[in-house]
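In our numbering, the protein residues as written are 179 to 292. Using N, Cα and C, we set each Cβ at its ideal position, and we do this for glycine too. The structure presented is a predicted model; accordingly, all values stated were derived computationally and were not measured. Here the structure comes first, spelled out in structure tokens, and everything after it is commentary.
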Ligand code: DGP
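Structure, rendered in structure tokens:
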């Protein structure tokens, strides 16, 4: 698979404002934030999207969600609330074909989403 911008960030080839890194994932600030807090949680494994994850990736998916929860708490979002988003595919607005969770907080959000 061709290297995406997130693959290059994971590899250290492109700088990013990194909040967390472990064996499985990184969390970085989004370069184009849509809320006062906008963090991307990115698996090091280059899955294209959640549709491409299999049962064997379920533990990894849990770690991504757990990281989002822990980051929300450490960034002070737990009381007011926050949103976790996965865009999957073109119709959902996915622009980078490497699975990532958006953690958004620090403002009120509308529902249904646009
Ligand atoms: P999505 O539309 O769900 O694929 O979201 C991709 C997000 O990635 C979008 O909010 C902008 C962000 N992004 C794209 N390129 C970079 C980059 O080079 N660095 C960082 N930190 N974020 C990026």
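The beta carbon of residue 185 is closer than 7 Å to those of 224 and 276 in its chain, skipping five residues each way along the sequence. Taken through DSSP and simplified to helix, strand or coil, residue 199 comes out as strand.
Going by C-alpha positions, residue 278 is about 5 Å away from residue 219.
Under DSSP, residue 221 takes part in a beta bridge, and its partners are 203. Counting C-beta pairs with one atom in each stretch, the stretch 208 to 219 and the stretch 249 to 257 have three or more that are closer than 8 Å, which means they touch. Look at residue 206: its beta carbon is less than 8 Å from one of the heavy atoms in ligand 1. For the options 270, 271, 193 and 282, the alpha carbon positioned closest to that of residue 256 is the one of 282.
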